[in-house]
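Participant:
Structure representation (structure tokens):
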């Protein structure tokens, strides 16, 4: 199919893009990498009157690492993040998750910000953002604002950004020392969206007990689903199979209405989430036990 007729502009400054968004409101769409938007246009599920291509804005393409976080420009290509030695060393979770996202050809073009704003509940990057407690910086007619990840994802393909706002930066906090991570998912084929997946982090205290953890499920609800009660149940526990199996059971209690479609039933996705949570916690704990610095 062919996309509907639309105007095309390619601003070279963030302020110019924001002004165009404010002028056209809901009739405008941002074109970043185009990996999600172009199929929607071709199937006419999206019908913007104007397409604003932000690929020529240099201020949106960067990776910055400091003592507390990795900051990523919204137009940074996923492949750039994947190949960054600094990101791999300082925040291995961001590096490792890239291998689950589509294929290298897609990652060459796809952007970090584009995936996050698209907010597909089966995508990996939103779950990683939730697990790390990321912050999203936007620019709109009223200036900049920071949005916590817990407030960013609203429901299917929907964020809390205003129509005239542009995502400019995502800040991913570093994990503390003696931390480990894991990404587990099941997909029909490698590179497909996950039928269900889990991102987990585990931080151990000096006694080898669990001092902190994050469990975020994806592909099972309308947004990344964090299992807070399961996380709390792990605090102070010694890592081990019985502890992680119990936490996995508790994690699926957070699934109010699991997604059910032609690919998998809600029951199947729920059971996948339980099994993958146990596996993810186990791998994260093993990595944490072998680390003396943040990973």
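In our numbering, the protein residues as written are 47 to 341.
Beta carbons: idealized from backbone N, C-alpha and C, even for Gly.
1. Using 8 Å as the threshold, is the C-beta distance between residue 115 and residue 272 below it?
2. Please name the residue or residues paired with residue 54 in a DSSP beta bridge.
3. Would the beta-carbon of residue 270 fall within 8 Å of that of residue 187?
4. Please classify residue 190: is it buried, with 16 or more other beta-carbons within 10 angstroms of its beta-carbon, or exposed?
5. Excluding five sequence neighbours on each side, which residues of the same chain lie with their C-beta closer than 8 Å to the C-beta of residue 338?
6. Tell me the residue span of the beta strand (DSSP E) that contains residue 247.
7. With 16 other CB atoms within 10 Å as the buried threshold, where does residue 89 fall?
8. For residue 75, which residues does DSSP report across the bridge?
9. How far does the beta strand (DSSP E) with residue 84 in it reach, from first residue to last?
10. If the criterion is Cβ atoms closer than 8 Å, does the pair residue 36 and residue 281 meet it?
11. Between 76, 102, 285, which has its C-alpha nearest residue 92's C-alpha?
12. Could you check whether the stretch 197–214 touches the stretch 127–139, counting it as contact only if at least three pairs of C-beta atoms, one from each stretch, sit closer than 8 Å?
13. Since residue 232 sits in a beta bridge, which residues does DSSP pair it with?
14. Compute the distance between the beta-carbons of residue 324 and residue 300, then report whether it is under 8 Å.
15. Return the bridge partner residues of residue 182 from the DSSP annotation.
16. Is it right to say residue 229 is buried, meaning 16 or more other beta carbons lie within 10 angstroms of its own, or is it exposed?
17. Let me know the secondary structure DSSP gives residue 263 once reduced to three states.
18. Would DSSP call residue 159 helix, strand or coil?
19. What separation, rounded to the nearest whole angstrom, lies between the Cα atoms of residue 173 and residue 245?
20. Are the Cβ atoms of residue 121 and residue 148 separated by less than 8 Å?
21. Assign residue 279 to one of three DSSP states: helix, strand, or coil.
Facilitator: Inspection of the coordinates gives the following:
1. The count along the chain shown starts at 1 and reaches residue 115 at position 69. The count along the chain shown starts at 1 and reaches residue 272 at position 226. Not closer than 8 Å, so no.
2. As a first step, residue 54 must be located in the chain shown, where it is residue number 8. Answer by DSSP bridge pairing, in chain order: 97.
3. For this step, residue 270 is matched to residue 224 along the chain shown. For this step, residue 187 is matched to residue 141 along the chain shown. Cβ atoms of residue 270 and residue 187: not closer than 8 Å.
4. If you number the chain shown from 1, residue 190 lands on position 144. Residue 190 comes out exposed.
5. As a working note, residue 338 is residue 292 in the chain shown. Per-residue confidence for residue 338 stands at a pLDDT of 43, beneath the threshold of 50, marking its modelled position as unreliable; the derived number appears in the next sentence. So the qualifying residues of the chain are 223, 224.
6. The count along the chain shown starts at 1 and reaches residue 247 at position 201. Taken as a continuous stretch (DSSP letters only), the beta strand (DSSP E) holding residue 247 covers 242–250.
7. Residue mapping note: residue 89 aligns to position 43 of the chain shown, counting from 1. By the neighbour-count rule (16 or more Cβ atoms within 10 Å), residue 89 is not buried but exposed.
8. Position 29 of the chain shown holds residue 75. According to DSSP, residue 75 bridges with 97.
9. Locating residue 84 in the chain shown gives position 38, where the first residue counts as 1. Note, residue 84: premise wrong, no beta strand (DSSP E); alpha helix (DSSP H) at 83–88.
10. Shown here, the chain extends from 47 to 341; a query on residue 36 therefore has no answer.
11. As a position in the chain shown, residue 92 is number 46, starting the count at 1. Per the Cα distances, 76.
12. no
13. Numbered from its first residue, the chain shown carries residue 232 at position 186. Residue 232 is bridged to 242.
14. Residue numbering aside, residue 324 sits at position 278 when the chain shown is read from its first letter. Residue numbering aside, residue 300 sits at position 254 when the chain shown is read from its first letter. The answer is no: Cβ separation not under 8 Å.
15. By 1-based counting over the chain shown, the position of residue 182 is 136. Paired residues: 193, 216.
16. Taking the first residue of the chain shown as position 1, residue 229 is located at position 183. Under this definition residue 229 is a buried residue.
17. To locate residue 263, count along the chain shown from 1; it is residue 217. In this structure, residue 263 counts as strand in the three-state DSSP scheme.
18. The residue labelled residue 159 in the question sits at position 113 within the chain shown. Three-state DSSP puts residue 159 in a helix.
19. Along the chain shown, one-based indexing puts residue 173 at 127. Along the chain shown, one-based indexing puts residue 245 at 199. Approximately 7 Å between the Cα atoms of the pair.
20. Mapped onto the chain shown, residue 121 falls at position 75. Mapped onto the chain shown, residue 148 falls at position 102. Going by C-beta atoms, residue 121 is not nearer than 8 Å to residue 148.
21. Against the chain shown, residue 279 aligns to sequence position 233. Helix.
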